[in-house]
Amino acid sequence: MGINIKKTLIALDLGNNQVKVKSKKTGLIVMPSALLENKYGPTLYLGGEPDNIPSLYRLRLDKEEKAYYFGETLASWGKSNVNHWERSIGFKLKRYQGKTFQMIALFSIARVVKELEIRNPILDLVTGLPSKDFQDETKEILPTLRKLFKGRHTIYVDDVPISFEIAEVKFYPQYIGTVVDNSYRWTDHHLTELRENFSEFMNIRYGIMDIGGGTILSDIVDGLNFNLSTAKPDSKNGAHRLFNHIIKEYSVSSSQVDLMLRNPNEDGKYIINQKGMSPIDLTDKVLEAKALYTTKVAKEMEKTFFEEDLSAESDGINLDKIFLTGGGTYIIDFEQLKNELQNSYVVPDQFTEQQNFIEILKHPETSNVEGYFKLGAVSHLGEFIN
Numbered sequence: 004m005g006i007n008i009k010k011t012l013i014a015l016d017l018g019n020n021q022v023k024v025k026s027k028k029t030g031l032i033v034m035p036s037a038l039l040e041n042k043y044g045p046t047l048y049l050g051g052e053p054d055n056i057p058s059l060y061r062l063r064l065d066k067e068e069k070a071y072y073f074g075e076t077l078a079s080w081g082k083s084n085v086n087h088w089e090r091s092i093g094f095k096l097k098r099y100q101g102k103t104f105q106m107i108a109l110f111s112i113a114r115v116v117k118e119l120e121i122r123n124p125i126l127d128l129v130t131g132l133p134s135k136d137f138q139d140e141t142k143e144i145l146p147t148l149r150k151l152f153k154g155r156h157t158i159y160v161d162d163v164p165i166s167f168e169i170a171e172v173k174f175y176p177q178y179i180g181t182v183v184d185n186s187y188r189w190t191d192h193h194l195t196e197l198r199e200n201f202s203e204f205m206n207i208r209y210g211i212m213d214i215g216g217g218t219i220l221s222d223i224v225d226g227l228n229f230n231l232s233t234a235k236p237d238s239k240n241g242a243h244r245l246f247n248h249i250i251k252e253y254s255v256s257s258s259q260v261d262l263m264l265r266n267p268n269e270d271g272k273y274i275i276n277q278k279g280m281s282p283i284d285l286t287d288k289v290l291e292a293k294a295l296y297t298t299k300v301a302k303e304m305e306k307t308f309f310e311e312d313l314s315a316e317s318d319g320i321n322l323d324k325i326f327l328t329g330g331g332t333y334i335i336d337f338e339q340l341k342n343e344l345q346n347s348y349v350v351p352d353q354f355t356e357q358q359n360f361i362e363i364l365k366h367p368e369t370s371n372v373e374g375y376f377k378l379g380a381v382s383h384l385g386e387f388i389n
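First residue of the sequence shown: 4, per our numbering; consecutive thereafter.
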């Protein structure tokens, strides 16, 4: 008779701008994909010691001297030093081999383990990659990540060692997380049972575009037959393109722009506050940048989902719908996007004449990680073994 080892399921989505991690115990945790070196810590806090700030932690790898601040409240407590944030923005194998990416990945898991109240827990991890990285022709990316995650780890959190073992790692193409999140619903708040709800994706051929911080990822999928999906070339026209439109005219960082876009003031204006300087009102510039970026996204759609079919002299695109997801959806003008597609010379009328031909899926910033967690549950990983 086999021995049942108690394990915990964790889902991880490490984006260029945000990292999302989930467990049954902690629920969903969203943090900036950024580290702030320990030496910048003392100027972070107004009237309090760093260790007393909720949801902000000082972490370091085992045997590493250099420590970093990381956590949910880095965006608020660390914004005065946002120019010193270290991010993992990058592409392909180089990104996954980078020290910053690897630290954020392990720190995110340690952030969850800290709350589990289990000594030396054994974990099952589910995460996702852009489809092209998942298919990686060099066959180097998945082994690199498996080597990073699998096995025993000790991370120092506020100088206290936290140890855990990752027993199993499951990788999926990124878009599957979004589709699964929108195809399964928990039947209760205890996350004990999932109910299927496939109606939105059944019997249609659809494009799914994930607008991230660094990239735009696109796939064409037939219903729920994921094995036959077509991964389109990754585009580097992620949200950072909009950020750069603002950065090039002002002495601000991409992290400052991201924080500003997510937090307009009560009058709906976009203001950046800088040390020793008067606040800068960038509202007009932001609206201009949003319009330009929305046009860029529309062009990406034309190129990705329509131009290839037309150049092949087909009778029009064989596509029923486009779904949008990803953190970058919050910076586009959706009505402008629909209008540009409707007035495009490339997009066939029979596509845009369909009702709701384009749709932003629910919870676009977090649906990937929610889907990964549900994939782990239906695969009987972690505590869902039965």
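Glycine is no exception: its CB is placed at the ideal position from the N, C-alpha and C atoms.
Quiz prompt | N-terminal and C-terminal residue of the beta strand (DSSP E) that L126 is part of | solution = 125-132
Quiz item: Excluding the five sequence neighbours on either side, which residues of its own chain have a C-beta within less than 6 Å of the C-beta of K10, listed in chain order?
Solution: I125, D127, G385
Quiz item: In its own chain, which residues sit with a C-beta less than 6 Å from the C-beta of M263, not counting the 5 before and 5 after it?
Solution: Y273, I275
Quiz prompt | Nearest residue (CA-CA) to Y253, options P236, R265, P282, P267 | solution = P282
Practice problem: Within 10 angstroms of the Cβ of V163, are there 16 or more other Cβ atoms? Answer buried if so, exposed if not. | Solution: exposed
Self-check item: Local conformation of R114 per DSSP, three classes
Solution: helix
Quiz item: Are the CB atoms of D352 and Y209 nearer to each other than 8 Å?
Solution: no
Quiz item: Just the Cα atoms here: how many angstroms apart are G360 and H248?
Solution: Note that residue 360 is Phe in the sequence shown here, rather than Gly. Distance between the alpha carbons of F360 and H248: 29 Å.
Quiz prompt | Proximity to E305 [Cα-Cα], best of M212, G74, Y333, L132 | solution = M212
Quiz prompt | Pairwise C-alpha distance: I325 and F380 | solution = Position check: residue 380 holds Ala in this sequence, whereas Phe was assumed. Going by the C-alpha atoms only, they are around 27 Å apart.
Practice problem: Following the continuous alpha helix (DSSP H) through P267, name the residue where it begins and the one where it ends. | Solution: Unbroken run through P267: none, as it is neither H nor E.
Practice problem: Using three-state DSSP, classify R198 as helix, strand or coil. | Solution: strand
Quiz item: Going by the beta-carbon positions, is the gap between D225 and K293 smaller than 8 Å?
Solution: no
Exercise. Indicate the three-state DSSP secondary structure (helix, strand or coil) for T369 in the structure shown.
Key: coil
Exercise. Take the Cβ of E373 as the centre, count every other Cβ of all protein chains shown within 10 Å, and call the residue buried at 16 or more, exposed below.
Key: buried
Quiz item: Hey, how far is the Cα of Y375 from the Cα of M280?
Solution: 44 Å
Quiz item: Under 8 Å between C-beta atoms, does K293 make it to chain B?
Solution: Checking the listed chains, one finds no chain B in this structure; it contains a single protein chain.
Quiz item: Measuring CA to CA, which of T218, A37, E291, K299 is closest to P133?
Solution: T218
Quiz item: Under three-state DSSP, which class holds P282?
Solution: coil
Practice problem: Give, in chain order, every unbroken run of the beta strand (DSSP E) that is at least 3 residues long and sits entirely within the region 320-350. | Solution: 324-328
Quiz item: Between which two residues does the beta strand (DSSP E) carrying D16 extend?
Solution: 11-17
Quiz item: How big is the Cα-Cα spacing for T147 and D16?
Solution: 17 Å
Quiz item: In three-state terms, what does DSSP make of S314?
Solution: With a pLDDT of 46 at S314, under the threshold of 50, the modelled position of this residue cannot be trusted; read the value that follows with caution. In this structure, S314 counts as helix in the three-state DSSP scheme.
Quiz item: Taking the alpha carbon of H156 as the point to measure from, which residue in N20, S111, E338 has its own alpha carbon closest?
Solution: S111
Quiz prompt | the region 136-145 touching the region 188-206, judged by at least three CB pairs closer than 8 Å | solution = no
Exercise. Please name the residue in Q345, H383, G30, H243 whose C-alpha comes closest to that of T355.
Key: Q345
Practice problem: Spell out the partners DSSP gives G154 in its beta bridges. | Solution: I169
Exercise. Quick one: residues in its chain with C-beta nearer than 8 Å to the C-beta of E303, no 5 flanking neighbours on either side, listed in chain order?
Key: M212, I219, S221, S238, N240
Quiz item: Looking only at its own chain, which residues have a Cβ that is under 7 Å from the Cβ of L295, when we skip the five neighbours before and after it?
Solution: H248
Quiz item: Once you ignore the five residues that flank I121 on each side, which residues in its own chain have a CB closer than 6 Å to its CB?
Solution: none
Practice problem: Please confirm if the region 25-34 is in contact with the region 98-105, defined as three or more CB-CB distances below 8 Å between the two stretches. | Solution: no
Practice problem: Whole angstroms is fine: what's the gap from N321's alpha carbon to I223's? | Solution: 10 Å
Quiz item: How is E89 classed by DSSP in three states: helix, strand or coil?
Solution: strand
Exercise. Taking Q21 as part of the beta strand (DSSP E), name the residues at either end of that continuous run.
Key: 21-26
Quiz prompt | Helix, strand or coil at P176 according to DSSP, with G and I counted as helix | solution = strand
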